[in-house]
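Q: Below is a structure I'd like to ask you about.
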Amino acid sequence: MNNALQMKVCSKCNISKPLDRFGAHKRTQDRLNYHCKDCINAQSKIYKSRASKPCRIEGCTKFATGHGYCSKHYSRLLRNGSPVGGGTMIGAPMEFIKTVALPYTGDDCLEWPFARLKNGYTSFKYNGEVMAHRVVCKMAHGYPKVGMNVVAHSCGNGHLGCVNPRHLRWATQKENMQEMVMHGRARNQFTSVFKATEVKP
Numbered sequence: 067m068n069n070a071l072q073m074k075v076c077s078k079c080n081i082s083k084p085l086d087r088f089g090a091h092k093r094t095q096d097r098l099n100y101h102c103k104d105c106i107n108a109q110s111k112i113y114k115s116r117a118s119k120p121c122r123i124e125g126c127t128k129f130a131t132g133h134g135y136c137s138k139h140y141s142r143l144l145r146n147g148s149p150v151g152g153g154t155m156i157g158a159p160m161e162f163i164k165t166v167a168l169p170y171t172g173d174d175c176l177e178w179p180f181a182r183l184k185n186g187y188t189s190f191k192y193n194g195e196v197m198a199h200r201v202v203c204k205m206a207h208g209y210p211k212v213g214m215n216v217v218a219h220s221c222g223n224g225h226l227g228c229v230n231p232r233h234l235r236w237a238t239q240k241e242n243m244q245e246m247v248m249h250g251r252a253r254n255q256f257t258s259v260f261k262a263t264e265v266k267p
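Under my numbering, think of the first position of the sequence shown as 67, with each following residue one higher.
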């Protein structure tokens, strides 16, 4: 029987049309597309008209695909919350340590401008270390002695991301905790129990 005489309903426009108005499709039971050629062409024109619009970011020459942004800027929007925000360039944290942190001679804290952990401490993976202030301390003061495997901040601002080499030194865990208490931190941080002498007026 001739395909032109047989009819099929398009699932897009719900109009019964001859089989020759449907393109071939391998996976359907009758080996024909669900949508007729007219609906597919109309959808293609809509897509092309959307794709002809440029990306909303000034200076970007790519075409918009999602919410007015090209695929690159749209994925940045989803990942970072900003279409122009991007990740850290490869090698930038180590470059900061070598060119800014190590030669720094000021007395003020030098804040780490890259990733941080939830507790505010620096986050940086290098040779098995996961914190930037440990890397800076190792480069500035050498490897730690046995038992002195904690980096103590004389400023008490490790939780604020300080990487000033003059504020860093190797210490024991006990020394570090004593310094934290002197700076008003790390006392009963996991409980709400205070001694009468520890309650601040």
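Ideal placement from N, C-alpha and C gives every residue a C-beta, glycine not left out.
1) If you draw a straight line from the alpha carbon of residue 189 to that of residue 125, how long is it in whole angstroms?
2) Decide if the region 190-202 is in contact with the region 222-231; the criterion is three or more beta carbon pairs, one per stretch, under 8 Å apart.
3) Taking buried to mean at least 16 other C-beta atoms within 10 Å of its own C-beta, is residue 97 buried or exposed?
4) Please specify which runs of the beta strand (DSSP E), each continuous and at least 3 residues long, are wholly inside the region 210-242, giving them in chain order.
5) Ends of the alpha helix (DSSP H) at residue 144?
6) Starting from the C-beta of residue 237, find all residues in its chain whose C-beta is less than 8 Å away, skip the five residues before and the five after it, and write them out in chain order.
7) Does the Cβ-Cβ distance between residue 84 and residue 123 come in under 7 Å?
8) On the DSSP bridge list, what partners appear for residue 149?
9) State the DSSP-derived secondary structure class of residue 85, mapped to helix, strand or coil.
10) Assuming residue 74 is part of the beta strand (DSSP E), what are its boundary residues?
11) If you count every other CB in all the chains shown that lies within 10 Å of the CB of residue 79, and 16 or more means buried, which is it?
12) In the DSSP assignment, find the unbroken alpha helix (DSSP H) run with residue 207 in it and report its ends.
A: Based on what the coordinates show:
1) 33 Å
2) yes
3) exposed
4) 216-219, 234-237
5) 137-146
6) 214, 216, 217, 218, 245
7) no
8) Paired residue(s): none; residue 149 is not in a bridge.
9) helix
10) 73-75
11) exposed
12) 198-207
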